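What follows is a single structure, written as structure tokens, with notes after it.
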Amino acid sequence: MYDLQKISDYSNCPQIQALYSDLPTKPYCTNYKGVCRIRTKRHAITHAYIQPNAPGRVQWLVFDLDDPQALFAWHDTHAPAPTIIITNPDNGHAHYMYRLIEPVGLYGRSSPKAISYLRAVQHALAIKLGADPSYAGNLIKNPAHPKWNTYITGAPQYTLGDLAEWLDLTPAPTPPSANMDFYGRNC
110 MYDLQKISDY SNCPQIQALY SDLPTKPYCT NYKGVCRIRT KRHAITHAYI QPNAPGRVQW
170 LVFDLDDPQA LFAWHDTHAP APTIIITNPD NGHAHYMYRL IEPVGLYGRS SPKAISYLRA
230 VQHALAIKLG ADPSYAGNLI KNPAHPKWNT YITGAPQYTL GDLAEWLDLT PAPTPPSANM
290 DFYGRNC
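Counting from 110, one number per residue, gives the positions in the sequence shown under the working numbering.
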């Protein structure tokens with residue numbers, strides 16, 4: 110069992126320092142949803158929302174849980190413990206963050222198999238946690254911003270294989286077509 114710990118001293122938290130070192134050089138950031146700006150990392154970390162991953166790679170898997178009891182969803186669903194949990198004190202909704210040991214590239218010379226594996230793990234983990242399926246993870250609650258409550262679980266960094274051990278990666282069956290006679294356009 111991991112030890113859930115609320116963080117108040119962000120400068121001495123290795124998980125948050127790892128997040129900040131992984132941020133893009135000039136991440137998107139904002140204090141209000143709907144308007145983003147590109148700023149230097151030093152300036153961006155003062156905002157309520159921040160971009161966790163560089164555009165061409167994924168180092169952090171991020172999930173949005175819109176549930177008042179979101180803080181304990183990973184435990185209740187028997188999912189792997191997140192590296193960082195950031196909650197909204199007003200409604201209990203949370204962002205779960207899992208740090209990957211090795212980032213997965215998304216473009217250029219990146220492996221299509223690694224990208225497919227990343228997508229499968231991300232999709233299965235979102236389902237297991239009951240996370241918002243339409244959340245893209247482009248902006249997260251900034252864990253060091255005073256607007257949010259931040260927790261760590263003591264969980265290690267993960268490989269995709271580590272996360273996959275907790276998940277069912279079999280694809281969902283394709284629903285049957287509404288037109289079961291398979292008429293073509295010329296029928």
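Cβ atoms here follow ideal geometry from the backbone N, Cα and C, with glycine treated the same way. Only a predicted model underlies this, so the values are computations on that prediction, with no experimental measurement involved.
Within the same chain, Cβ atoms closer than 7 Å to the Cβ of Leu227 are found at Val167, Val213 and Leu269, the five residues on either side in sequence being excluded. Bounds of the alpha helix (DSSP H) holding Pro221 are Pro221 to Leu238. In this structure, Ala203 sits away from Trp275, with a CB-CB distance that is not shorter than 8 Å. At the C-beta level, Tyr260 and Ile159 stay beyond 8 Å of one another. With a cut-off of 8 Å on Cβ pairs, the segment 144–160 is in contact with the segment 241–256, counting three or more such pairs.
Residue pairing for Val167: DSSP places it in a beta bridge opposite Val213. For Ile194, the enclosing beta strand (DSSP E) starts and ends at Ile193 to Thr196. For Leu234 and Phe181, the gap between their C-alpha atoms comes out near 15 Å.
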